[in-house]
Structure formats: structure tokens, C-alpha cells
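Asks:
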Amino acid sequence: MESSRLFFREIEEDDSAFIVDVRSDPEVYRYFVDPHRITLEEHLNWFRNIYPHNDRRTDYIAVDKASGERAGVFGLIKDGDSVEINYLIAKPFQRQGLATEGVECLLDYASTAMHCHTALAEIHENNVASLALAEKLGFVQTGKKDPILYFEKQI
């Protein structure tokens, strides 16, 4: 998968330090359902013992084509003909439109390759940037369970 500025590859164990670094930024994890800093050991346990057994979930490293650097982590969780999309953008790549570009690419992939018809997103009510992205891409709020808002979009 690729967009104009990113290409995507499935996560590997060698990406663990990068993923932990991005996910452990307090400005990022404060928007999680369970907001806490993860350790490398927690991530490796998940990667080695849980992730391989979840055939519904695929996580990708988004690589910036210009620099070759890891720009973020994107994920797809398939459930029937629906797919939940999630993402984290590394600090040096934030506010450049890469989240929008990456989510658009994943929406296209989910629709064409995975045969999904509905995209889902769960966004913390205070995550202004992700709420704006969801609105920009045409997601519609379908519910709320404080502090998480639920969205969907037909694809």
C-alpha cells in the first residue's frame, strides 16, 4: 500500500522501539481509553504473544517516502464487512496532513482489498485533531461512551 508521500508495510519486531516511543508520548496516550505509558516489554509481549493470534488486526508502519523515516503507525481491525481504523503520527511528521493521507489510503485499501463497506473510528472527545480529520473525511458520529466518541463512514 502506498499514498503520494507514504508507503505502508506490516509492523515487525524491529519497529518496537519506534512504536513504544510514539505511543508513549503523553500528548498521544492521554487520548487512549487506557491512558498510560507503555514499556518496551509490554509492547514486545503484545507483539509476540497476542498480535500473531489476532487474524482480524493488521498494523502498519507508515514510511515517509522522501526521508525513508518511519512517520507513524496505522492499524486496521476487520469485523465482518466493517473495519476500524487507527493511527499514530510521530511528532516530527505531525501537522503535515499525513494522517489524512494515510487514513484515505487505508480506507481505499479496506474497501477494495478487504471488501469492507463501513469504516469505524473511536476518538477521545478532547482529541481535536482527530475529530477534525474524521469530519473532513466524512465520518459521522454514531455514539458516545465518555470520553470516547464513535464514528462511522460508508466506504
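With this note's numbering as the guide, the letters of the sequence shown map in order to residues 12 to 166.
Even for Gly, the Cβ is constructed at its ideal location relative to N, Cα and C.
1) Is the beta carbon of S27 less than 8 Å from the beta carbon of H54?
2) Looking only at its own chain, which residues have a Cβ that is under 7 Å from the Cβ of I100, when we skip the five neighbours before and after it?
3) Once you ignore the five residues that flank D157 on each side, which residues in its own chain have a CB closer than 8 Å to its CB?
4) Please determine, among D36, E23, Q152, F43, the residue with the shortest C-alpha to C-alpha distance to F97.
5) Tell me whether F29 sits in a helix, a strand or coil according to DSSP, three-state version.
6) According to DSSP, is F104 part of a helix, a strand, or is it coil?
7) Three or more beta-carbon pairs under 8 Å between the segment 15 to 32 and the segment 67 to 77, yes or no?
8) Straight-line CA distance for V31 to N65?
9) Closer than 7 Å by C-beta to L142: which residues in its own chain qualify, once you throw out the five before and the five after it? Chain order, please.
10) Among L144, A140, Q152, L118, whose alpha-carbon lies nearest the alpha-carbon of I88?
11) Considering just the uninterrupted stretch of the alpha helix (DSSP H) at V139, what are its terminal residues?
12) Alpha carbon to alpha carbon, what distance is there between V114 and R106?
13) Grouping DSSP H, G and I as helix and E and B as strand, with all else coil, what is G154?
14) When burial is assigned at 16 or more other CB atoms within 10 Å of the CB, is T50 buried or exposed?
15) Give, in chain order, every unbroken run of the alpha helix (DSSP H) that is at least 4 residues long and sits entirely within the segment 31 to 97.
16) Cα-Cα, which of A145, N56, G86 is closest to A121?
17) Report the option in L160, G154, F150 whose CA atom is closest to the CA atom of I166.
Replies: Once the coordinates are examined:
1) yes
2) A82, G83, L109, A110
3) E136
4) Contrary to the premise, residue 97 reads as Asn rather than Phe in this sequence. Among D36, E23, Q152, F43, the Cα nearest to that of N97 is on F43.
5) helix
6) helix
7) yes
8) 20 Å
9) I134
10) L118
11) 139 to 147
12) 14 Å
13) strand
14) exposed
15) 37 to 40, 51 to 56
16) G86
17) F150
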